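Participant: The sequence shown begins at 25 in our numbering and counts up one residue at a time. C-beta: ideal position from N, C-alpha, C; glycine also. As the structure is a prediction and not an experimental result, all values here were calculated from the model.
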Amino acid sequence: MKTLKIIGLVLVVIIVLLLIIPLFINGNYSVEREVTINKPKQEVFDYVKYLKNQNKFSVWAKIDTAMKTEFRGEDATVGFVSAWDSENPKAGKGEQKITKIDKGSRIDYEIHFIKPFESTDFAYLTFESASENATIVKWGFHGTMKYPMNLMLVFTDMEKMLAPDLQNGLNNLKGILEN
25 MKTLKIIGLV LVVIIVLLLI IPLFINGNYS VEREVTINKP KQEVFDYVKY
75 LKNQNKFSVW AKIDTAMKTE FRGEDATVGF VSAWDSENPK AGKGEQKITK
125 IDKGSRIDYE IHFIKPFEST DFAYLTFESA SENATIVKWG FHGTMKYPMN
175 LMLVFTDMEK MLAPDLQNGL NNLKGILEN
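Right, here's the structure in full:
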């Protein structure tokens, strides 16, 4: 009986800690990567502003080439939505919407993941002239994990999880535009 009380007390302490620790954890995260593309800024921007083109360079779009895709609205304009649905849990189901375009310099997106888990995060692409014929493209991703799910940030390195995919996508974009 004494052993059961000790086990019960240990379980209560663990549960309480799992509820208290997230109160002190910042739930915000952001990851950004960049690449220099040997093309003029406007040419790079004019390609990337079309969200449909992201399927050609994003590593996430290549996870399941048979996934169902749907497009709503006019591409390269605020409000355009690219939705996907895949049986592969690595791709899942969700949609990405263009939320803001600063002509020639920045595009902002809202990404709503539906499966395998529901969350809303944000991404952006920025374009800066490195020279007349070279452009620095930055691809960033940021979001917030709310209490108590922010506890996962203690065990999950978002930089390690997202940065390679962002960099590979940018490298793919560079390959497409420079060839």
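(1) For the alpha helix (DSSP H) containing GLY128, name the first residue and the last one.
(2) Which same chain residues, not among the five before or five after SER106, have their C-beta less than 6 Å away from its C-beta?
(3) Rounded to whole angstroms, what's the CA-CA distance from VAL59 to HIS166? Just pull it up for me.
(4) Give the list of continuous beta strand (DSSP E) stretches no shorter than 3 residues that lie fully inside the region 149-187.
(5) Give a yes or no on whether the C-beta atoms belonging to ASN174 and ASN62 are separated by under 8 Å.
(6) Quick check on DSSP: helix, strand or coil for GLU94?
(7) Considering only DSSP beta bridges, list what ASN145 is partnered with.
(8) Leaving out the 5 sequence neighbours to the left and right, which residues in its chain are closer than 8 Å to LYS92 when beta-carbon positions are compared?
(9) Can you name, in chain order, every residue of its own chain whose Cβ lies under 6 Å from the Cβ of THR150, other than the five neighbours on each side?
(10) In terms of DSSP beta bridges, what is GLU119 paired with?
(11) Looking only at its own chain, which residues have a Cβ that is under 7 Å from the Cβ of LYS170, when we skip the five neighbours before and after it?
(12) Can you name, in chain order, every residue of its own chain whose Cβ lies under 6 Å from the Cβ of LYS115, other than the five neighbours on each side?
(13) Rank LYS80, THR159 and PHE104 by C-alpha distance to the C-alpha of ALA196 and give the top, closest one.
(14) Which residues bound the beta strand (DSSP E) around ASN52?
(15) Where does ILE200 sit, in a helix, a strand or coil, going by DSSP?
(16) Of all the options LEU201, PHE179, LEU194 and ILE200, which has the alpha carbon lying nearest to the alpha carbon of VAL83?
(17) Figure out for me which residue from LEU28, LYS184, LYS198 and THR27 has the closest Cα to the Cα of GLU56.
(18) For PRO64, which of helix, strand or coil comes out of DSSP?
Facilitator: Short version:
(1) Looking at the DSSP string, GLY128 is not in any alpha helix (DSSP H), and its letter there is neither H nor E.
(2) Here SER106 has LEU75, PHE95 and GLN120 as same chain residues with Cβ atoms under 6 Å from its own Cβ, once five neighbours each way along the sequence are excluded.
(3) It is roughly 18 Å from the alpha-carbon of VAL59 to the alpha-carbon of HIS166.
(4) Counting only runs of 3 or more, we get 158-168.
(5) With respect to the 8 Å criterion, ASN174 and ASN62 are not classified as neighbours on the basis of their beta carbons.
(6) Looking at GLU94 - three-state DSSP - the assignment turns out to be strand.
(7) The residue you asked about is not Asn; residue 145 is Asp in the sequence shown. Answer by DSSP bridge pairing, in chain order: ILE135.
(8) Cβ within range, chain order: TRP108, ASP109 and SER110.
(9) Only ARG130 and LYS162 meet the Cβ criterion.
(10) Note: GLU119 sits in a beta bridge opposite ALA107 and HIS136.
(11) Here the set comprises GLY51.
(12) Checking the displayed sequence, the identity of residue 115 turns out to be Ala instead of Lys. So the list reads ILE87, ASP88 and MET91, once near-sequence residues are dropped.
(13) It is Asn, not Ala, that sits at residue 196 in the sequence shown. Closest option to ASN196, Cα to Cα, is LYS80.
(14) Segment 52-61, the beta strand (DSSP E) holding ASN52.
(15) DSSP places ILE200 in helix when its eight states are reduced to three.
(16) Ranked by Cα distance from VAL83, the first of LEU201, PHE179, LEU194 and ILE200 is LEU194.
(17) Distances from the alpha-carbon of GLU56 to those of LEU28, LYS184, LYS198 and THR27 put LYS184 closest.
(18) Residue state, collapsed to three classes: coil.
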